[in-house]
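Take a look at the structure set out below.
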Amino acid sequence: MTYPAAIFDLDGTLADTLRDLADATNWGLAELGQPTHPVQAYRLMVGEGRNVLCQRALPSDRQDLTPRLEELMTRYYGEHCFDFTAPYPGIEELLKALQAANIRMAVLSNKPQPFVDLTIEKLFGAFRFDAVCGEGAGIARKPDPAGALAIAEKLDLPPATIAYVGDTWIDMETAVKAGMFAIGVTWGFRDRRELEDSGAQAIVDTPADLARLLLGGR
Numbered sequence: 001m002t003y004p005a006a007i008f009d010l011d012g013t014l015a016d017t018l019r020d021l022a023d024a025t026n027w028g029l030a031e032l033g034q035p036t037h038p039v040q041a042y043r044l045m046v047g048e049g050r051n052v053l054c055q056r057a058l059p060s061d062r063q064d065l066t067p068r069l070e071e072l073m074t075r076y077y078g079e080h081c082f083d084f085t086a087p088y089p090g091i092e093e094l095l096k097a098l099q100a101a102n103i104r105m106a107v108l109s110n111k112p113q114p115f116v117d118l119t120i121e122k123l124f125g126a127f128r129f130d131a132v133c134g135e136g137a138g139i140a141r142k143p144d145p146a147g148a149l150a151i152a153e154k155l156d157l158p159p160a161t162i163a164y165v166g167d168t169w170i171d172m173e174t175a176v177k178a179g180m181f182a183i184g185v186t187w188g189f190r191d192r193r194e195l196e197d198s199g200a201q202a203i204v205d206t207p208a209d210l211a212r213l214l215l216g217g218r
């Protein structure tokens with residue numbers, strides 16, 4: 001089956017943002033006199049929004065610092081969010097191919113809306129997205145399916161005809177709850193086992209594999 005539309009997660013799916021997110025959080029932690037973490041440790045911290053990221057980064061007995069850390073990391077991230085962030089290799093070619101095939105595209109992220117908009121504009125401005133939704137867009141964060149279903153309504157397409165692409169259990173659970181086709185990607189922040197365990201209906205290892213899956217015989 002081919003799909004007339006695809007919804008993409010942003011961080012860990014379209015763009016490799018890990019280093020900049022880690023640097024921003026570590027800077028905030030250092031400012032607060034708290035221990036920092038290796039960049040790779042953030043693979044298991046990101047994905048559920050700023051507040052959850054800050055809770056996970058802080059020691060269990062210093063959760064009272066969460067609002068302050070959130071404020072500090074957001075400020076730093078706003079000034080450094082493209083120090084290292086870039087599209088994953090092959091993503092631009094994927095989006096170009098989907099657009100040429102008239103497959104409609106959208107983005108659904110737990111990242112704050114201003115940063116989602118900025119990332120799409122700076123990294124993916126050459127591509128047409130019918131909807132770009134982040135935290136603060138008036139919908140519940142993933143894995144609540146409300147955002148995915150709102151996008152389906154905007155596209156005027158039944159959820160079952162939409163492919164949902166992401167790199168974490170959060171994305172797979174969102175897709176399953178929304179009744180969409182759940183595609184996991186292994187180049188992001190989590191591993192294949194997590195994707196399998198959370199309901200992925202297909203798993204791809206490269207953007208080229210994803211293009212073949214989404215384009216079918218087109």
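The working numbering puts the first residue of the sequence shown at 1, with every later residue one more than the last.
Yeah, the Cβ is synthetic: ideal placement off N, Cα and C, and Gly gets one too.
In terms of residues, what are the limits of the alpha helix (DSSP H) holding residue i?
i           : result
residue 114 : 113-124
residue 74  : 66-80
residue 174 : 169-178
Considering only DSSP beta bridges, list what residue i is partnered with.
i           : result
residue 108 : 133
residue 203 : 184
residue 87  : 15
When the Cα atoms are used, what is the spatial distance from residue i to residue j?
i           : j           : result
residue 198 : residue 118 : 30 Å
residue 202 : residue 8   : 14 Å
residue 129 : residue 140 : 20 Å
residue 61  : residue 136 : 29 Å
residue 96  : residue 205 : 19 Å
residue 58  : residue 37  : 10 Å
residue 55  : residue 100 : 42 Å
residue 167 : residue 43  : 11 Å
residue 77  : residue 45  : 16 Å
residue 160 : residue 17  : 30 Å
residue 144 : residue 155 : 19 Å
residue 148 : residue 75  : 28 Å
residue 157 : residue 49  : 27 Å
By the DSSP assignment, the beta strand (DSSP E) with residue i in it spans what residues?
i           : result
residue 162 : 162-166
residue 6   : 5-8
On the CB-based measure, 16 or more other CB atoms within 10 Å of its CB, does residue i come out buried or exposed?
i           : result
residue 110 : buried
residue 65  : buried
residue 2   : exposed
residue 171 : buried
residue 70  : buried
residue 188 : buried
residue 102 : exposed
- request: Go through the stretch 39-63 residue by residue and report every complete run of the alpha helix (DSSP H) that reaches 4 residues or more, in order.
  value: 50-57
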